[in-house]
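Residue numbering for the sequence shown is 67 to 382, as defined by the numbering used here.
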Amino acid sequence: MSSQATAVVFEQPGKLSVRKVGIAEPGEGDCVIDIEWSGISTGTERLLWQGRMPAFPGLAYPLVPGYESVGRVAAVGDGCALAVGQRVFVPGSRGYTDVQGLFGGAADRLVVDATRVTPLDDALGEEAALLALAATALRAVTRGPEGVLPDLVIGHGVLGRLVARIVLALGGEAPTVWERDAGRRAGADGYPVIDPESETRRDYRLICDVSGAAGLLDTLVAHLAPGGCIVLAGFYQEPVSFTFPPAFMREAQLRISAEWQQEDLEAVVKLVADGRLDLDGLITHRQPAAHAAPAYRQAFGDMECLKMILDWRSVQ
67 MSSQATAVVF EQPGKLSVRK VGIAEPGEGD CVIDIEWSGI STGTERLLWQ
117 GRMPAFPGLA YPLVPGYESV GRVAAVGDGC ALAVGQRVFV PGSRGYTDVQ
167 GLFGGAADRL VVDATRVTPL DDALGEEAAL LALAATALRA VTRGPEGVLP
217 DLVIGHGVLG RLVARIVLAL GGEAPTVWER DAGRRAGADG YPVIDPESET
267 RRDYRLICDV SGAAGLLDTL VAHLAPGGCI VLAGFYQEPV SFTFPPAFMR
317 EAQLRISAEW QQEDLEAVVK LVADGRLDLD GLITHRQPAA HAAPAYRQAF
367 GDMECLKMIL DWRSVQ
């Protein structure tokens with residue numbers, strides 16, 4: 067089996083190539099995955115592209131980005147229970163010999179610890195690349211007070227749409243979603259999306275903010291019910307602050323939703339398998355992996371591009 071893979075490489079901030087990289091020899095507990103599709107993250111990968119990613123273990127250029135990969139098992143070590151040919155979700159790889167893997171999923175072949183791989187129903191195709199975002203959304207939905215689901219979501223990108231869909235999948239009432247961009251207000255599935263300028267409610271119990279906009283807290287506090295909670299589920303590059311007296315008067319709660327865990331991923335896989343969570347309509351753009359450079363530019367710069375998927379099948 068080849069000791070090389072074709073990968074997206076951020077050579078340095080703002081410079082991308084698609085080229086051969088060295089991959090590590092698989093160990094006993096490892097598996098080799100031939101990737102079919104990988105997603106482009108407009109949060110984490112944009113920060114890496116711009117050179118603005120905060121200090122992170124393993125952060126150095128050149129690096130392979132990506133943590134939203136779907137493929138089939140090509141080979142397994144003696145200690146691996148996966149079956150060759152099985153479709154799986156892979157949250158990235160560090161198995162490179164000459165580049166950093168941060169997060170390492172944007173390549174046509176990955177060497178991965180088998181414990182990090184999640185088996186999938188074979189019928190689930192490119193949409194499975196959304197599972198990491200869905201797990202992030204589920205974690206955000208469940209970070210509020212026990213038994214309380216979000217009734218307001220800030221942002222109608224892919225993550226905001228997944229938060230709203232998961233609230234409904236868990237039996238909650240349809241949340242309201244705020245979105246400033248008129249084009250992104252379309253595509254709601256069973257919940258209202260409004261311009262925040264038209265908002266009149268001041269009694270939201272749980273606000274889930276996935277916008278990443280650090281300056282919104284005072285506005286959100288003004289729309290909270292007494293004792294209400296705000297969950298910060300975006301990635302905030304600037305310091306987050308708020309004016310204390312209004313928050314004090316409402317006894318506002320502030321919580322942070324961090325990186326998804328394996329149990330979150332397993333839970334959303336089950337929601338999808340049970341037909342309670344639909345991932346349709348969230349992938350809006352696709353490109354062959356060889357066209358990664360324009361794909362990344364579009365993913366980062368086109369508001370109509372909710373989710374860009376790279377297709378690796380033509381590379382193999």
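Think of the CB as a built atom: it goes at the ideal place given N, C-alpha and C, for glycine as much as any other residue. Nothing here was measured: the structure is a model prediction, and the numbers come from that model.
In this chain, the alpha helix (DSSP H) harbouring residue 233 covers 224–235.
When 354, 368, 363 are compared, the shortest CA-CA separation from residue 72 is found for 354. In this structure residue 314 is exposed. Its beta-carbon is surrounded by fewer than 16 other beta-carbon atoms within 10 angstroms.
Counting the other Cβ atoms within 10 Å of the Cβ of residue 373 gives 16 or more, which makes it buried. Sixteen is the threshold: since fewer than 16 other Cβ atoms of the shown chains lie within 10 Å of the Cβ of residue 150, the residue is exposed. Around the beta carbon of residue 288, fewer than 16 other beta carbons lie within 10 angstroms, which makes this residue exposed.
Excluding its 5 nearest sequence neighbours in each direction, residue 284 has C-beta neighbours in its own chain below 8 Å: 308, 309, 312, listed in chain order.
Where residue 103 is concerned, there is no enclosing alpha helix (DSSP H), although the beta strand (DSSP E) around it starts and stops at 96–105.
Relative to residue 195, the option among 337, 345, 261 whose CA is nearest is 345.
In this structure residue 108 is buried. Its beta-carbon is surrounded by 16 or more other beta-carbon atoms within 10 angstroms. Contact between the stretch 116–135 and the stretch 216–225 is not established, with fewer than three Cβ pairs separated by less than 8 Å.
Between the stretch 86–103 and the stretch 170–186 there are three or more inter-stretch CB-CB distances shorter than 8 Å, so the stretches are counted as touching. Between the alpha carbons of residue 169 and residue 160 lies a distance of about 7 Å. With fewer than 16 other beta carbons inside 10 angstroms of its own, residue 369 counts as exposed. For residue 261 against residue 246, the beta-carbon gap comes to about 7 Å, under 8 Å, which counts as contact. Beta-bridge pairing by DSSP links residue 73 to 85, 173.
Straight across, the Cα-Cα distance linking residue 68 with residue 163 is about 13 Å.
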